[in-house]
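*Asks:* This structure is in structure tokens; I'll ask about it shortly.
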Amino acid sequence: MHYQNDDIRIDEIKELLPPIAILERFPATEHASTTVFNARNSIHQILARKDDRLLVVIGPCSIHDPVAALEYGQRLVKLREQYKDQLEIVMRVYFEKPRTTVGWKGLINDPYMDNSFQLNDGLRTARKLLVDLNDSGMPTAGEFLDMITPQYVA
Numbered sequence: 090m091h092y093q094n095d096d097i098r099i100d101e102i103k104e105l106l107p108p109i110a111i112l113e114r115f116p117a118t119e120h121a122s123t124t125v126f127n128a129r130n131s132i133h134q135i136l137a138r139k140d141d142r143l144l145v146v147i148g149p150c151s152i153h154d155p156v157a158a159l160e161y162g163q164r165l166v167k168l169r170e171q172y173k174d175q176l177e178i179v180m181r182v183y184f185e186k187p188r189t190t191v192g193w194k195g196l197i198n199d200p201y202m203d204n205s206f207q208l209n210d211g212l213r214t215a216r217k218l219l220v221d222l223n224d225s226g227m228p229t230a231g232e233f234l235d236m237i238t239p240q241y242v243a
């Protein structure tokens, strides 16, 4: 007798959108691209000790509310401008919770915080938030836990 042993505990499979679908839907604006380019150059100069400003990466543990994150970024960009001669302020924007073994895994994995695991919606939300923050003049820093996610949001 031949038994079915493959995928016996899988109820449903939903395809992940290709990265290009998200990048085309939420393209970086010219201003967002300039923000990223300039911040990366400044950070490089600071790390190479060619710029004596202090690099400050500041923000919440993990983003769960994009509206609140954007509001926080709008406040932070004002401080970034105010202290630009002394500090290179970059907003910490983490979408996943790398050290959480139980509970909510982050905005990308579960954007509605209801265990629905709508990854495509989470990736869309993350990309849009990063573009909006960068477009406002606020550079961002993140932590990538795999090699797939950066293709969608970086």
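Here the sequence shown stands for residues 90 to 243, numbered as in this note's numbering.
Ideal placement from N, C-alpha and C gives every residue a C-beta, glycine not left out.
With a CB to CB cut of under 7 Å and the five nearest residues on each side skipped, what residues in its chain are close to Asn209?
*Replies:* The residues are Leu105 and Leu106.
*Asks:* What first and last residue would you give for the alpha helix (DSSP H) that runs through Glu119?
*Replies:* Glu119 to Leu136 is the extent of the alpha helix (DSSP H) around Glu119.
*Asks:* Figure out for me which residue from Asp174, Gly195 and Phe206 has the closest Cα to the Cα of Tyr183.
*Replies:* Considering only alpha carbons, the answer is Gly195.
*Asks:* DSSP beta-bridge partners for Glu185?
*Replies:* For Glu185, which the question treats as bridged, DSSP gives no partner whatsoever.
*Asks:* Of the residues Ile132, Ala117, Thr118 and Ile102, which one's Cα is nearest the Cα of Asp141?
*Replies:* Of the listed residues, the one whose Cα sits closest to Asp141 is Ile132.
*Asks:* Please state whether DSSP places Ala230 in a helix, a strand or coil.
*Replies:* Strand, per DSSP.
*Asks:* May I have a chain-ordered list of the beta strand (DSSP E) segments no shorter than 3 residues that lie completely inside the segment 148-186?
*Replies:* If we require 3 residues or more, the beta strand (DSSP E) runs fully inside the segment 148-186 come out as 176-181.
*Asks:* Counting only the same chain and skipping the five closest in sequence on each side, list residues whose C-beta sits under 8 Å from that of Val156.
*Replies:* Nothing listed; no residue qualifies.
*Asks:* Buried or exposed: where does Met202 fall if 16 or more other Cβ atoms within 10 Å of its Cβ makes it buried?
*Replies:* Exposed: under 16 other Cβ atoms inside 10 Å.
*Asks:* With DSSP as the reference, label Val242 as helix, strand or coil.
*Replies:* The answer is helix: DSSP assigns Val242 an H, G or I state.
*Asks:* Ignore the nearest five residues each way along the sequence and tell me which others in Asp221's own chain have a CB closer than 7 Å to its CB.
*Replies:* Hits under 7 Å: Leu159.
*Asks:* Just the C-alpha distance for Ala230 and Lys103, rounded to the nearest angstrom, thanks.
*Replies:* For Ala230 and Lys103, the distance between alpha carbons rounds to 29 Å.
*Asks:* Under 7 Å, do Arg114 and Val146 count as touching if we go by C-beta distance?
*Replies:* It is not a contact, given that the beta carbons lie outside the stated cut-off.
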